[in-house]
Every structure is written in structure tokens, then in C-alpha cells.
Amino acid sequence: MVTRRDTLKIAGAAMVLAAAKTTYAAENTGVTDDKIRIGILGDLTGFAAIWGSGNLSGGTMAFEEINAAGGINGRKLEYISVDSESSAPKGIAGFKRLVDQEKVFAIFGPTSSAVGVPMLRTMAGSGVPIFISAFSSPLATNPPSKNIFRSGTLNDADQGKILANYVTRISSKRSIAIMRQSDEYGKTGAINVVAQLKEIGNVKFIEEQFNASDTDFTSQLLRIRQSDADVLVVYGYPAPSAIVFRQVKQLSLPLQIVGSTATTSRSYAATVGKEAVGARSMFPTKYLPEGADVEIVKFRNAFEVRFPDLARQTRPEATDQMAYHGAKTLIEGLRRAGRDLTRETLIKALEGLKNFETGIANASTFGPDRREGNRSAYVVEVKEGLGRMILPGEYSAI
Amino acid sequence: MRDGLVWMLWLAIAVSAPFFAGQHLLYNIGIVATTAAIVSGLTLISGVGGLISIAQSAFVAIGCYCAVLLNLHLGIPMLIGIPIAAAVSGAVGWLLGFLCLRLDGHFLALVTLAFSGIVHYAIINLDIAGGAVGLAVPTVTLFGFVMDSPMAIYVITVVASGLTLWFIGLLINSRYGRVLRALRQSEIAAVSLGVDRRSLRTMALATSAVAGGFAGSFQMLQVTYLDPHQFTIVSSVFYIAIMVVGGMRSVHGAIIGAAIFVFVPEFLSGLETYMAFILFLLVTVFIVIMPDGLASIFSVPGRISRWISSRFERKNKNA
Amino acid sequence: MVETFIQLMLGGVIAGSVYALIAISLVLIHNGTGVVNFAFGDQLMAGVYVLVFSQHFLGLSLAPAVAIAVVVSGLFGLAIQFLVMAPLRNRPVLIPIVATIAIGAVLREGIRAFMGPNAWPVPFLLSTSPYHIGGVSIVPSDLAILGTSVIIMLCLYAFFEFTKYGQAILAACANPTGALIVGIPAGATTTSIWILSSMLAAIAGIVIAPLTTLTPDIGLIAIKGFAAAVLGGFASLPGAVVGGVLLGIIEAMAGYYISSAMKDIASYAVLVAVIVFRPTGLFNRASIRKV
Amino acid sequence: MLELRNIVVRFDGLVAVNDVSLDVKAGEIHALIGPNGAGKSTIINVVTGLYRPSEGDCFFQNESISNRPTHLIARSGLTRTFQNTELFADFSVIENVMVGLDHEYHYGIVSRLLNLPRWRRNEKAARYEAFELLKRLKIEKFAEQKAGTLPFGLRRRVEIVRALATRPKLLLLDEPAAGLRHHEIIELNQILVELRDELGLAILLVDHVMKVVMAISNRVTVLNFGRHVATGSVREIRSNPDVIAAYLGGAGGHA
């Protein structure tokens, strides 16, 4: 007769035994003679799906193209998409699934800070090469982890710095107002804007915050009106930012608005309405997705053919564009790593990329201690008729 | 099926998992266990007690943040800090109950909703707690050993959530559970029999807060990072959905509900962006055809055997 | 100073009428069916997406697109009642409530997948150019929200006070058995409430969405509507409107006079205080249950 | 034992009970009768603390209970049944009774969680006593049946057992005979008399069923339109002209 106490004892002993067992991943897991397995990890559902679906479509397109062109050094890419559901626990689960169960060689993702930042410890400890194209928390690359790279997008530390430099230049009164979202995205951005403003010195600033789901910003804007600021930095998601842009005009505040990169979707100006005219935003590259640059047009046409369902939703967007650029950068790394592909050689090859151009986004540069591919940005302005154009001038965080 | 048999099933899965499961499955089982333990607090207050609490993620947040802050600022080891943090969470739950359970239990839903919001926005603005950016969770040390291997974390979290589930299960099957259920069925009759509804429900809310704070802290050991976005009103509502889909009358329902929300999405991952749409469509259908939750399948063998024995008795009578 | 205060009040009232629009419907469903409809925000969102879909993909002009959105939304309410609420009618109330959570998620995630996660532009019903009166700027499109919620409330009031059908619904809500005896089928009233409130969802959405930007997550605002309903006592339609406007004003005032960081904490704290110290809401008297 | 002094209850200006005084003596069955709307149920709700009297005071064993919470009134020995029965429908009969016994067989959370002997002993004892109580009213064979599935007559009886489980000194029965059949009423009478004579319980009985009231009551109080009409023995009440007038509907003027 086995009593309950006995079962518990046996259970305890078994657990201790199991705790001793650990698994080791090989250097070339996921690489065979004719295949390289890549995981695409991103938020396809939930609030952060904007970036995850772009990551998937851009990545898919680049991988399919290289396969159609014969693959990389005789190997085809085989990619597996996993949804992190805009949730940190699911992101870690998805990562473990790709590494442990799907045995992928490298991972393209994750796509949002809310998921990505909690995953950093797991990712860094795994040794699996990670290539990020979408999320912008500076924590992903600072401090740098050997295996985590990012390209295309602009991180919030760099963006904050660039924004601060830019607005100080255009503010004649050297007085800046900052409206930031209350969450991690807005906070990280604003911290860096403020830090750089202090660095520059002799600039006044006022900081207000709002929630992503707010609908009225009168109180914040009236507080800003009390100051003598002539430039307003808006660091938040598109939906609340659009209302801020509109209400600034409606309250007749004499402010030049400069939004973060989140305020640059193709339909953004239309969602704001005519009040968007004259507003400026940061953009992580000089190529607009709706623009006429050669590579962009090629990309856009191919995208619309490959994803008619997304084309209907006014895509490609900047997220698709950045992902496509990122995936191409990763492919270049794989190519340069040569036939003798291991995680070590891929990381070495990526570190060797200098000014790698795709004509889609800013060139990627990595180095032995540099994991951030793109560190510069442009400014986009909304014109009459709600079209937009890139203003001349590249702004660098270095 | 007998309650004990179901418990044996869970125990068998938890113990054998390290031998057959890879890291990914192991992690998922750990998440199921901790989520179930968090939800079991709700089972007590809502499923058994009939009150709606929309504060479970707030209690989880209080537990997690207390444990981590105790470690970062006072150097208290996580494994000691977590029970303290759970007690803090319980105290807050008690206070909340004390304030709003004076009168009708229905106000609990409303107060807890607002409370969830307050906790979320307070964390976002609390720079000592990392504010909106969040905080990395320190590693657990046990007798000087750093327990950060996936296996060690699995063992720690599964044991902790197993204990939570077991305790809540016992509580539900004690006189406390009985009286709470009585209050749910007829508040006026229970009170007229001398049941002190206020103190009982306050204790139930406090207990559910302890479960949330305790199991939630262990979940954070797996997630390794506290992001305020994990602790919103929406996540509180999500815990309620887990409870109902699994079955809200027993802790087994919490386990099943948590397992559904962890494993079914993976099973449906081929649907890509349409996954969540199909998932919640299935959940809606589940709720309509199995409103008692999936845990009600455990009562099927019992119902069959009762049906057989009743047929048998009737035959004997006839003979 | 005075202009600032008035401007602030105006902003609060506009935001508050958004909450009020939502609160009205939540109260309507709650009183009529006993269910707190967590899907309401998502129904509101989906209604606007139907409008956008009709305009962009079916090429309709605004008026027929609005009509289609309202009708489709009403039909969806009918579907909720028949496919979900009716089968769950005799279950503990938490189960239909969780069903509404699931329905909301179905709508939200379905729309996100089908229409994409990015924002869609929605046509403004009135001009967004402000009028300036003594230093205060007034925006017609903002006033549309306030106007709509007042009109809807008046319509509902008239419907329930002066029409036979409205009276029947009220009677059935107050006493289902009694209504049954008098010959009003209980199912019919809950069905009409679901249809009515779902149509209101689409209308509210169409008024609100141009100003708040249409994304699949716009329904989150229903949490505020819920809070407004609580503030108003969760019982009466005028209470819902006053609760909504009050919440908007509290937020605006707290945001300006305390700090923008405290805006939400302050408004939720008021909510807790109201529940703890005046549990029946600000505008209701206590009622006694008959044993 | 129970003493109501000049109780007035108003709801929104409507006077449900107007200046009613009443006393129930130890060991007696006291009936409270009157036409519909006379305020009988309101009195029970006031005594058990569900309503607060607008004026007047309520004493139980010489202590005021007017401001005591309901559950403490119950614990001080005053338990009620309900007009439409309020059983815990999902519970078995014996579990229903055990809720009544909850306070008697108390054990702490800790002793349950640590599996201390105390909880097992108390659960066992409670179950045993519940069963004995069911036996007393001869319904022990339904002990394991779900309360919600019982016929109405049995439900009433379970409710009485459940009330007895709290070890009351005074039992308040709200229309215990309503809806019962003839033989059930006779059994009920027997039970109530037994409870009075064997346990020494005082019983306050609210009912219209005269077969019960007139057969077993020691004293009767008559209410009409919330006012006290008369108190006395069954015989006195039968011959009281005010009572007759009240029942015939013509006694509005009496104060």
C-alpha cells in the first residue's frame, strides 16, 4: 500500500534527480547540408501586433527571395513563425519553443519592448543569434550581448538624443515641451530626450504624460501653454499622438510638433486630419514606404503581389520595410559566414558588416562591440494635402 | 473521478515532466502551474464565494514588486522575500475587503476594478520600482547556490504553485469553503444562521490576494522581468476568463483553464495573425456548450458509474 | 485663468461624454439582462470598422455606410443573444459575463487580423476647426459627441417613458415573472435590449472614432465607461451620463491642477471613495430587498 | 424572552409597522397572525436584523438587539426560517444542516491546512450531530440528497432542522405551513409541539393557516395594517370583536 506521504516522497526524489539533468545546444544546431532553420518570433496578435506582423511579412519576403535566388551558400532557408501574443511569458515560451523544440539556428525577432525586454536575459543566456528589426528599447543592445543584433529601426536612446538635438536647433526660444506616453515606450524616449537636453544645457523644458488609451489632452496642453515652449515633442503610440497633434492646433498653441517614429504610419496624417499639416516626425531612414526610390518601388510592388491581404490595409508600412531590411542584413551575415556556418561564424560575419546598404533603410554597421546597426534618422514633414516628405539632413546619435 | 485521483494525475505530470519534456514544454508546464495557482485565488473568491474580483493581477503585481524591491533595497533573499511579499499582498486584499465588503458583495467587482487601475498607474509612476520601464527580477539563491537553470526554476515554481493549489483546494473543502458556498447560494439564509459574511469574505479576498502575490512572484522568476504592462485591468479580466473556461468550482478548473490558454494557442499557431480570433471563437463556443468549465469532464466518469449503479439497483428491486 | 478653467471644463465634458455614451449602453444592458457587457468596447470598435469597410471596399458614401454599420451591429447583438446569452440564461452571472469577454476578444482579434493593426482614418461628422469665443476654443466635432450622448439619452428616456414597448421592457426588467404573467415574453425584451445596445455601440463608435483614432484597441475606452457607470450608480441612464461627465471633469482637473501622472490615479481613487462611502452611487437612494 | 417595544418601520414614507409591541415568553409558541400586508414578515425581518426599526427597540433576553448585525443576532440564539424557503440548493441536506452547525464546530484555517486532528474531529462531530438532528425530524434518509431537488414540504422541514442546528433559544418561523398538504400540517404541528416540550424552545410563528395557529399556539398576536390589534390565548382571540372585524375587513378605525 502506497500512502500519500510515500507518493510525495517519491515525487520529491524524482524532482531532485531531474534537476541535475541539463541540455546543451550545439554550435551549428539548425544547420544541415542543404538547410538553415530560422525562427521568426513576433507579436502577431494582441496590442503589439503592428510590429510583429511587419516582422513576419518583411522577413518572409526576404527569405523567400533568397530561396528563389538559390539560397545561401547552397543552403535554403527554412523559417518557422511563432506568435508571442504581445505577452512576455508567451514570448519566452515561443523563444524556448524555437530553440529547444524547433532547433532553429537563429531567430528573427522579437518585435515589441513589452515582450522583448523581459526576454533579454533568456535570449542572452542562450547563445542563439538574435536579429531584431522592430522594437526600440535601448536595453536590447546596451549593454551589448554577444548574440543580439538590431538593425533598421532606431533605438529610443538614440532617438531621444537625436530628437533633443533637433528640437534645440529649431526652437528659437530654446524652450521645449515634451508629451510622452506613460508606458515604457514613452518613458524611455523621454528620459533620453531630457538627458540630452540637460547635456546641451541652457534649454528649458516641461514634461507631461498621457496614457495610450486617453482621449482628451486638454489638461496637459494647457499646462504646456503656461510655459513659453515653442516646440512640442510627442513620444507615444499613433492613436493618442494623433489626438495630441489635432488638439494642439485646435487650442491654437503656437508649437512646432515633432513626433517620434511611431507617428509615421502611412495613414497617420489622414487619421489626424488637416491639423497634421506642418507636423514633423522622426523617421529611421530617408526612404518612405510610399516613396519613389528604386529599391522601395521594387519592394512595394513585390510586397503588394505577395501579400494582397496586407496591401489592402495600406501596407507596406515602415515596420514591413525595416523587417525586410533587417532580414536582408541577416541574410548577408549568413552569406558572409560561408559554408562553414556556425553561430560563432555568423556572429563574426555580422560584426564585419560595415555600411551594408539595401536601398530600403539606413545602412547597417556592426562591430565587435557594436550591436546597433542604425544610429541615425531623418525628419519627415506632413505637407498640404496630407502627403509627406523627408526633409533634407541626416541626424546621427554618434 | 475522485478528487484524489485528479490530484495524483497532476502530481504525476509535474514529476514526470522533467524526464520526458524538453525545456520548452517544461517552461510551459511551469507557467501553467503558476497561472493556475494565481487563478486558484479567484476560484476561492469568485467560483466558491460568488463575488467578482478584478484585482488579481494587481495582487500579483504587489507580490512581485514587494519581493523584488525587498531584495534590491534590503538584500532579503527572494525565497524569504516572496512569502513576506505575499503577506503584504494579503494585507492589502484584507484592507480592500474590509472597506468594500461592509454591505453588498457586488461592490467588490467595482472597487477591485478601480484598485487594479490604481495599482497599474502607481507602478508606472513609481521610479523606485523601475516605473514604466520595469525591473529585472533577481535570481534565486538557495543555501548559497544560484538557482537559475531552467530545471531549478521549474522545480521551485512547480513546488510553490503546487503548495498554493493544494492549500486553496483544502480551504475550499473545509468549513470555510462550505460557508462561502452557502453565502453564494443564499446570502440571507447564511447570515440568518449566524455566518459572519463580512469577515469571511474579507478573509477569502485576503487569501486570494496571498495566492496571487505568492504564485505571481514565482511566475516572475520564470519571466525574469517585471514589466508594468503585465499588470493591467485587462490581465485581471483575463484571469477571470481562465477560471471560467477551466471551471470555477475547484482548483482543477484553474489548472485546466491555464493549460488551455498556454497550450491551445501553440497548437493553433499555424493560423498566424488569425490565431487569437479562432482561439477566442473556440473559447466562446466552449463557454456556451460547457458552461461549467472543462473541469466538468472529471465528473463524467462519476456520473456514468452512478447511472450504472442506479440502473443496477432498479433491476435488483424489480427482481 | 478663467478661460483656462472653462477650456479645461470643456475638455473634461467632451471626454466625459465619450464615457457617458458608453456608460448609457452598459447600464441599459446591465439593468435589462443582469449582464455586464465587457464586449461593448469591442462592439463599438467593430461597428466603426464596418463603416470603414463599407466605405473603402464597397465604395459606399457616408450615409449608407453608417446605416449598414448600425444594422450589422444590431444583427450582431441579435446573434449574441441567440447564440450565447440565451443558452447561458440560467447560469451563474459570471459565466455570461466571461462570455462577453470572449466575444469582445473575438471581435478585436478578428478585426486586427482582417483589417490590420494599424489605424484607419474615419470621416469627421462635423468640422474640426475650432471657434474661438473669448479665448476658449470650441470644436464642433467634439460637440458632436456631447450632442449625441444627450440626444441618445433623451431618445432612450422618451422610449422608456412614453412608448408602450419601452414600458414593457422596463416592466420586464423590473420583474421578469410579473411581465410573463402580463404576457410580455422575457426573451423578447432581452433580445431587444441586446439589439438596441449593439446599435448604440455602432452609433457611439461612429461619433467617437474620428476623434480618438480607430484601431482595434479603441474598445479599451469602455473601461472608463464602466467606471462612469459605477460613479453614476449603475442603475439609471441620467446617472450614467452625469457619472461620465463627472469622470471626465475629474480627470481633466486632476491632470491640470495636480499632475498628468496623477490623472488616472485620482479618478480611480474618487471611484473607490464613492463606492466605499456611497455604495449606491452618487445619485441613488438605497433600496431594500424584499424577503 | 423576546420583547418588541413600540416598533415603527417606515420605507420611503410608507409605514409598514406602526407602534407594535410584542413579547414572547420562554417556552411558549406565540403566533403572529393577520391579513396580507399586516406587517408580519416585516416584524420578523426587524427581529432578525435585516431591517432596522425606524423607532422603538427590540430586546432579546433583556439585551437590545436593534443595532446588532444579523449574524450576531442569530448567534445569540434567535434563528429563523423563510417564507419561500432559502435552502442552499446545490448542497446536500446534511451539508445544509452543517452550515447551521458551523459556529459550534469551529476550527481554524491553520488546522485545516496543516491537517491537524482538530478539523477532522470537528467535521466528524458536526456531521454526526447534523444526522441526529435530521433523525429528530425523521428526514435522515434524505441526508445525502441535493436540497434543491426535494419536494416543498421536505424543504421546509430541512429548513427547520437547519435552524435548530444553530441551537436557538427562540425559533422564528415565517409561514411554515404555507403550501403544505393536510397530513404534512399535522406532522408539522407535532414537530413544533415536540420542540417546545422536549427542547424547551420558544417559537414565534407567523402564519395564516389557522389549523396550525389555533391547534398549537399558547398565545396569539393579531396585526392589521401594521398595527397591533390584540394579544391573548387562542380562545380570547377567537372571541375578540376587533379581530373578527379585522379579518372581515372593517376594523380600520381601531387604534
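Chains as they are written, first to last, in this note's numbering: chain A, 224 to 621; chain B, 1031 to 1349; chain C, 5 to 295; chain D, 811 to 1065.
Each residue gets a CB set at the ideal place from its N, CA and C atoms; glycine is no exception.
Scanning chain A for C-beta atoms nearer than 7 Å to the C-beta of Gly-1164(B) yields Val-340 and Glu-407, reported in chain order.
The way I'd put it, the stretch 1181 to 1194 of chain B doesn't touch the stretch 427 to 437 of chain A; fewer than three beta-carbon pairs between them come closer than 8 Å. When DSSP reads this structure, Cys-868(D) sits in a beta bridge with Leu-814(D). In this structure, Ser-202(C) and Gln-47(C) form a Cβ contact; the two beta carbons are roughly 6 Å apart against a cut-off of 8 Å.
A distance below 6 Å between beta-carbons, with the five flanking residues on each side excluded, links Ala-600(A) to the following residues of its chain, in chain order: Leu-377, Ile-385, Met-505, Pro-507 and Tyr-618. Considered as a whole, the stretch 139 to 225 of chain C harbours 140 to 142 as its complete beta strand (DSSP E) runs of no fewer than 3 residues, in chain order. Minimum Cα-Cα distance from Ala-413(A) among the listed residues Ser-398(A), Arg-397(A), Ala-452(A) and Gly-459(A) corresponds to Gly-459(A).
In the three-state DSSP reduction, Glu-969(D) falls in the helix class (H, G or I). Excluding the 5 residues flanking it on each side, Arg-320(A) has same chain C-beta neighbours closer than 7 Å at Val-305, in chain order. Among the residues facing chain C, Leu-564(A) is not included, as its CB has no counterpart in that chain under 8 Å away.
For Glu-113(C), a Cβ of chain A is located within less than 8 Å of the residue's own Cβ. Taking C-beta atoms as the reference points, Ser-360(A) and Ala-546(A) fail to come closer than 8 Å. For Thr-1194(B), the uninterrupted alpha helix (DSSP H) segment begins and ends at 1180 to 1202. In the three-state reduction of the DSSP assignment, Asp-833(D) falls in the strand class. Remark: three or more beta-carbon pairs, one from each stretch, lie closer than 8 Å, so the stretch 1261 to 1272 of chain B and the stretch 1074 to 1091 of chain B are flagged as touching. With respect to chain B, the C-beta atom of Ala-50(C) has no partner C-beta closer than 8 Å.
By the beta-carbon neighbour count (other beta carbons within 10 angstroms, threshold 16), Asp-323(A) is buried. Fully enclosed alpha helix (DSSP H) runs of no fewer than 4 residues occupy 441 to 449, 461 to 473 and 491 to 495 of the stretch 434 to 496 of chain A, in order along the chain. Excluding residues up to 5 positions away in sequence, Thr-537 lie with their Cβ nearer than 8 Å to the Cβ of Ser-490(A) in the same chain.
CA-CA distance, Val-1118(B) to His-881(D), rounds to 29 Å. The beta carbon of Ser-475(A) falls within 8 Å of a beta carbon belonging to chain C, placing the residue at that interface. At a cut-off of 8 Å, the C-beta of Arg-1132(B) has no neighbouring C-beta in chain D. In chain A, no part has a C-beta under 7 Å from the C-beta of Ala-1063(B); the shortest such distance is about 12 Å. Flagged as an interface residue toward chain C: Gln-443(A), by a C-beta distance shorter than 8 Å.
Per DSSP, the continuous alpha helix (DSSP H) segment holding Thr-1237(B) begins and ends at 1227 to 1253. In this structure, the beta-carbon distance from Glu-905(D) to Arg-977(D) does not fall below 8 Å. Remark: C-beta atoms of Pro-863(D) and Val-825(D) do not approach each other more closely than 8 Å. Glu-540(A) is not a Cβ neighbour of Gly-582(A), given a cutoff of 8 Å. Annotation for Trp-198(C): Ile-33, Thr-37, Gly-81, Leu-82, Ile-84, Gln-85 and Met-89 place their beta carbon closer than 8 Å to its own, counting only its chain and skipping 5 residues before and after. Contacts with chain B at 8 Å (Cβ-Cβ) do not include Lys-509(A).
Around the CB of Cys-1094(B), 16 or more other CB atoms lie within 10 Å, so the residue is classed as buried.
When DSSP assignments are scanned along the stretch 267 to 303 of chain A, no uninterrupted stretch of beta strand (DSSP E) that is 3 or more residues long falls wholly within it. Looking only at Met-284(A), Ala-485(A), Gly-610(A) and Asn-278(A), the smallest Cα-Cα distance to Gly-501(A) is reached by Gly-610(A). Runs of alpha helix (DSSP H) with 4 or more residues, each lying fully within the stretch 832 to 861 of chain D, are found at 850 to 857, listed in chain order.
Secondary structure of Lys-934(D) (DSSP, three-state): helix. Between the C-alpha atoms of Ser-1179(B) and Val-1149(B) there is a straight-line separation of about 32 Å.
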